[in-house]
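Novice: Let me begin by handing over the structure; questions about it come next.
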């Protein structure tokens, strides 16, 4: 089974850099964002272009229902089991 990293705040800065490094190391990456879809999609596109696998999912991790929906999207999208890495 592929390793999966869920990275909150992954649309820019340290979160984006973390997503790129983990993708380079073979992780499938969930790029979480709260309100920056274009930047998150850019991170996903960069990972995809390098031969990695990533998906962007919008969720506010301070809202329990968002986290539940985010988890379900990850599983239904075929991302699989996850480990969580938070970058702010």
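Residue numbers (this note's numbering): 1465 to 1552. Note that beta-carbon positions come from the ideal geometry of N, C-alpha and C, so glycine has one too.
#1: Starting from the Cα of residue 1481, find the closest Cα among 1498, 1510 and 1499 and give me that residue.
#2: Bridge partners for residue 1496 per DSSP, in chain order?
#3: Would DSSP call residue 1485 helix, strand or coil?
#4: Going straight from the alpha carbon of residue 1485 to that of residue 1497, what length do you get?
#5: Taking the DSSP output, what are the residues bridged to residue 1468?
#6: Could you spell out the range, first to last residue, of the alpha helix (DSSP H) harbouring residue 1514?
Specialist: The relevant details are as follows:
#1: 1510
#2: 1521
#3: helix
#4: 18 angstroms
#5: 1492
#6: Per DSSP, residue 1514 belongs to no alpha helix (DSSP H) and is neither H nor E.
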